[in-house]
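Numbering (this note's numbering), first residue to last: 2 to 82.
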């Protein structure tokens with residue numbers, strides 16, 4: 002095998018491994034809130050613990066956690082009484 006084809010083969014194998022690591026291993030994130038309630042409003046203060054578990058060593062400098070909610074208004078249907 003020539004050195005060029007050997008290099009291409011090892012580069013392809015490395016790219017495949019990196020792709021597998023990037024796509025196949027998402028972190029598991031568990032959020033536990035202190036004094037959890039059924040609903041929250043804008044500007045409510047939250048406190049608790051966040052646990053992040055990864056399958057391999059992962060470097061990070063910053064974490065941004067956002068709580069994005071929805072408002073559902075359910076109006077009673079009028080009865081034909």
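From the three backbone atoms N, C-alpha and C, an ideal C-beta is built for every residue, glycine too.
In this structure, how does DSSP classify residue 49 when only helix, strand and coil are distinguished? strand
If you run the structure through DSSP and keep just helix, strand and coil, what is residue 8? Because residue 8 sits at a pLDDT of 48, beneath the cut-off of 50, its placement in the model cannot be relied upon, and the point is left open.
In angstroms with no decimal places, state the Cα-to-Cα distance between residue 38 and residue 60. 33 Å
So what does residue 55 bridge to, in DSSP terms? BP columns for residue 55 are empty, so no partner.
Please state the DSSP three-state secondary structure of residue 19. helix
Alpha carbon of residue 79 to alpha carbon of residue 62, nearest angstrom: 55 Å
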